[in-house]
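See below for the structure under consideration.
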Amino acid sequence: MRLPLIVLPLALLLAAASAHAAPKLTVAYAGSMGVVMDRHISPAFEHAREAQVRGIGQGAWALARLIAAGRLRPDVFVSVTPGPMRLLIEKGLVRRAIPVASTQMAIAYSPKSRFAAAFARAAKGDIPWYQVLESPGLRLGRTDPATDPQGRNVILSFQLAARYYHRPALVQRILGPLRNPRQIFTEASLLSRLESGQIDAVVGYLSAMRSHHLPYISLPDQINLGEPAYQHDGYDRAGFRIDTGGKSVEVKPQPLVFYAAVLDKARHPDLARAFVNFLRSRPAQALFRETGYSPPSGKPLS
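Numbering of the sequence shown is given in numbering that gives the first Met the number 0, commencing with residue 0 and proceeding in unit increments.
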């Protein structure tokens, strides 16, 4: 049926008003979660609750500091490792955070890289992965350890690798200084640079690599920071200090678990609680699993 011309503008206005009326939930999340949050979790929640989700993905420490300083006011925060979430708990901005997924460290490589064949051999165990990363001219990418837990975990896993493989110079030979400007990129751009061939390899979270369908090299449990059995008997041998905005902090391994929490000053607290509960639901856990994440582990933070 054709609507009269005078009715069409009214129908369009009503549709616009309906879309405008849908509550908008702001979710700040660790940047490595971009694919699963933007393409899977958020759309599924929007469909179930007739709400709109606005996602903000950055390094978890950077987000936590912005929230603590009052410069960012999300309804929900999803962090990786306990550290960033504990900052907000200590500031009284979060009361409780629940584990929703977990991951481990790995090495992804670009199929477009001239080192791709060597990486493929390393993935099969034919040659050591660190031997490939030491190749002259290889372009390695990682995130900033001053602002991102993933960047810190790169260094920690390489420290463990140096001990595991009895190669004390491994960290310096491959990573160089802690904040090597030739290797550090934003978390949001890291894997897109790898996919385009701008860099040859990335050290980071296996979950993000699987989400992007990238070829990768698995690391032994003794160094991938993802095996709870080694948390207090092996991983604790790694650690370093780094300057974060004029303050020197000690960095030690923490569980590679993703935590979700409702902010005390959430604009939509009921919807925020529904979103956090949804992350632990069967449908959401299936989405996490399908995009390369491991099940949540450990206890809630409070």
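In this text, a Cβ means the ideal position worked out from N, Cα and C, and glycines have one as well.
Residue range of the alpha helix (DSSP H) that includes residue i
i, result
"Phe303", "Lying outside 0 to 301, the shown extent of the chain, residue 303 is not represented and no answer is given."
"Ala283", "Arg281 to Glu289"
"Asp269", "Pro268 to Leu278"
"Arg172", "Leu169 to Ile173"
Bridge-paired residues (DSSP) for residue i
i, result
"Lys23", "Gln51"
"Phe257", "Val79 and Ala100"
"Gly56", "Tyr28"
"Ala293", "The question names Ala, yet the displayed sequence has Ser at residue 293. Ser293 is bridged to Ser101."
"Val93", "Leu262"
"Ile183", "Arg141"
"Leu300", "Ala96"
Start and end residues, beta strand (DSSP E) containing residue i
i, result
"Phe76", "Val75 to Val79"
Sub-9 Å separation of residue i and residue j beta-carbons
i, j, result
"Ser206", "Ala283", "no"
"Ser112", "Gly233", "no"
"Arg53", "Thr80", "no"
"Val34", "Tyr258", "no"
"Lys132", "Ala200", "Here residue 132 turns out to be Leu, not Lys, going by the sequence shown. Yes, they are a contact pair."
"Leu139", "Gln182", "yes"
"Arg288", "Pro294", "yes"
"Gln103", "Glu226", "yes"
"Arg48", "Ala273", "yes"
"Arg95", "Pro299", "yes"
"Tyr129", "Leu177", "no"
"Val75", "Val153", "no"
"Leu190", "Ala107", "yes"
"Ile310", "Ala105", "Coverage of the chain is limited to positions 0 through 301, which leaves residue 310 absent and any answer about it impossible."
"Ala29", "Leu270", "no"
"Ile302", "Ala260", "Beyond the ends of the chain as shown, which are 0 and 301, falls residue 302; an answer cannot be given."
"Gln253", "Gly82", "yes"
"Gly291", "Arg192", "no"
"Lys246", "Asp235", "no"
Neighbour flag for residue i against chain C, beta carbons, 9 Å
i, result
"Gln221", "Note that chain C does not occur in the displayed structure, where there is just one protein chain."
Item checked: Runs of alpha helix (DSSP H) wholly within the stretch 189 to 249 (minimum 4 residues, chain order) -> DSSP runs (the alpha helix (DSSP H)) wholly in the stretch 189 to 249: 205 to 210.
Margin query: Suppose only complete runs of 4+ residues qualify. What are the alpha helix (DSSP H) ranges in the stretch 105 to 149, listed by chain order?
Written below: Complete alpha helix (DSSP H) runs here, min 4: 115 to 122 and 128 to 132.
Next item on the list: Assess, as a yes-or-no matter, whether the stretch 36 to 46 is touched by the stretch 227 to 239 under the definition of 3 or more beta carbon pairs within less than 8 Å.
Entry: Not touching, per the Cβ criterion.
Margin query: Is it the case that the stretch 90 to 97 contacts the stretch 114 to 133, given that we only count it when at least three CB pairs across the two stretches are under 8 Å?
Written below: No, they do not touch.
Notebook entry, point to check: Any chance the stretch 56 to 67 sits against the stretch 138 to 156, with 3 or more Cβ pairs inside 8 Å?
Noted result: By the Cβ test, the stretch 56 to 67 is in contact with the stretch 138 to 156, since at least three Cβ pairs between them sit closer than 8 Å.
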